[in-house]
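Mapping of the sequence shown onto the numbering used here: position 285 corresponds to residue 285, and the numbering continues sequentially without gaps.
No residue lacks a Cβ here, since even glycine has one placed at the ideal position from N, Cα and C.
Right, one structure below, let's go through it.
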Amino acid sequence: MCRDGIDRYIYIYACHDNERRLCEMELEALFGQRPGSAGYVETTRQIDLSRSPFISSRMDILFTGDSLDSIAAQVAELRLNDRTFKVICMKRGDLRTYEEQRDIERQIGGRIRGKAEMRRPDITFGLISIRGHWSIGIFHEAEPVWLRHKNKPRNYSTGLSTPVARALVNIAVPDPHAVKVIDPCCGMGNVMVEALSMGIDIVGRDINSLAVRGAKMNLRHFGYDDGRVILGDLNEVNEPYDAAIVDMPYNLCSVLSPEERQQMLGSIERFSQRAVIVSTEPLEEELTRSGLMIRDYGTVRKSSFIRHIWLCEPRQRV
């Protein structure tokens with residue numbers, strides 16, 4: 001079957017075991033479905049491939065069929081207009097040996113009218129079979145732009161890593177268009193850098209002047225407006241926001257009393273429509289008391305260090 005307009009996509013993803021729940025939370029936020037363990041998501045949603053730290057590629061489905069012969073017959077009708085091409089078997093779906101994959105690529109490539117080019121083709125076609133059902137389409141490889149953000153002028157040793165910060169932004173802001181976001185405990189600005197690199201309108205604040213100074217330096221380093229960060233208390237935020245990303249203070253210099261923590265959570269409930277909250281301690285009871293409804297939950301581990309992650313919405317707006 002040939003689609004008149006591309007309306008289905010297959011995304012390939014991978015993650016480490018200690019980031020699996022974070023990856024699942026992100027993909028569910030982006031695609032509206034919880035991924036299984038197969039390493040791919042099939043969806044009608046098209047997103048910028050550079051957004052996720054876990055997604056490596058996307059195939060825009062052109063043809064589908066119940067056999068390889070069906071795919072071969074359909075690709076024979078393609079018109080490439082002198083553009084070069086190559087065909088690759090995607091590394092997911094039904095298992096096949098290396099030799100079988102190369103043979104399939106040759107079979108399908110041999111039916112396409114055009115010049116094959118293995119090194120720098122104008123078009124790369126991806127091919128995958130899932131439970132015996134075949135799909136072929138335009139293959140796109142992700143550009144991991146977030147890797148450029150790993151080396152910052154200022155960092156906390158216990159700060160959020162770049163891929164974790166980027167995933168948190170995607171969980172909080174699945175659709176980046178026309179939303180206002182705040183990171184009210186921004187630290188050195190890791191979350192802000194990732195959000196701004198995705199075109200998201202985000203501001204930040206921190207009660208620690210050294211953190212604010214470091215965040216401003218990091219924003220300037222990557223070409224962003226350092227005026228987006230101010231010195232200020234989370235509890236003093238008065239403007240409403242579509243989303244908040246909050247890494248709760250936890251180091252030895254920022255120990256919170258139960259009362260302070262409860263006040264912060266109550267403030268988050270007041271000014272945000274959707275919040276991703278990160279803590280090294282369990283917060284379920286405090287979140288509930290603050291009027292927040294937990295929509296999703298996961299953890300990220302680094303050695304013995306565990307971060308708890310909650311996706312929340314104010315209960316009265318749910």
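Cα separation between residue i and residue j?
i, j, result
"Leu127", "Arg213", "49 Å"
"Asp66", "Asp7", "19 Å"
"Arg46", "Ile10", "Checking the sequence, you will find Gln at residue 46 rather than Arg. Distance between the alpha carbons of Gln46 and Ile10 is about 9 Å."
"Gln273", "Ala243", "6 Å"
"Gly109", "Arg120", "15 Å"
"Glu269", "Glu259", "15 Å"
"Tyr13", "Glu286", "34 Å"
"Glu19", "Ser57", "19 Å"
"Asn235", "Met264", "6 Å"
"Val164", "Gly93", "27 Å"
"Arg154", "Leu78", "52 Å"
"Ser279", "Arg131", "40 Å"
"Thr44", "Phe31", "8 Å"
"Glu26", "Arg34", "9 Å"
"Gly266", "Gly227", "27 Å"
"Arg83", "Val173", "38 Å"
"Arg21", "Val300", "7 Å"
"Leu311", "Glu284", "11 Å"
"Tyr297", "Gly137", "34 Å"
"Asn151", "Phe85", "36 Å"
"Arg96", "Ser135", "15 Å"
"Asp48", "Glu313", "25 Å"
So for residue i, helix, strand or coil by DSSP?
i, result
"Ala14", "coil"
"Leu252", "Legend: pLDDT at Leu252 = 44, less than 50; position of this residue unreliable, value from coordinates given subsequently. Here Leu252 sits in helix by DSSP."
"Phe305", "strand"
"Gly204", "strand"
"Met1", "Residue placement at Met1 is flagged as unreliable, the pLDDT there being 41, under the threshold of 50; the coordinate-derived value follows with that caveat. Met1: coil per DSSP, three-state reduction."
"Thr299", "strand"
"Phe54", "coil"
"Ser135", "strand"
"Leu283", "coil"
"Ile130", "strand"
For residue i, list the residues DSSP reports as bridge partners.
i, result
"Val41", "Tyr11"
"Ile86", "For the record, residue 86 in the displayed sequence is Lys; it is not Ile. Per DSSP, Thr124."
"Glu313", "Met293"
"Ala244", "Ile182, Ala275"
"Val237", "According to DSSP, Val237 bridges with nothing at all."
"Ile171", "In the DSSP output, where bridge partners are listed per residue, Ile171 has none listed."
"His140", "Arg58"
"Ala116", "Phe85"
So does residue i have its beta carbon nearer than 7 Å to some heavy atom of the ligand GTP?
i, result
"Leu219", "What this structure holds is no ligand at all, so the ligand GTP is not there to describe."
When you compare the CB positions of residue i and residue j, do they come within less than 8 Å of one another, or not?
i, j, result
"Cys186", "Val229", "yes"
"Tyr156", "Met188", "yes"
"Glu321", "Trp146", "Given a span of 1 to 318 for the chain in the structure shown, any question on residue 321 remains unanswerable."
"Phe222", "His149", "yes"
"Asp183", "Gly204", "yes"
"Val75", "Ile112", "yes"
"Arg315", "Met293", "yes"
Problem - beta strand (DSSP E) runs contained entirely in the region 59-106, provided each spans 3 or more residues - result: 85-89
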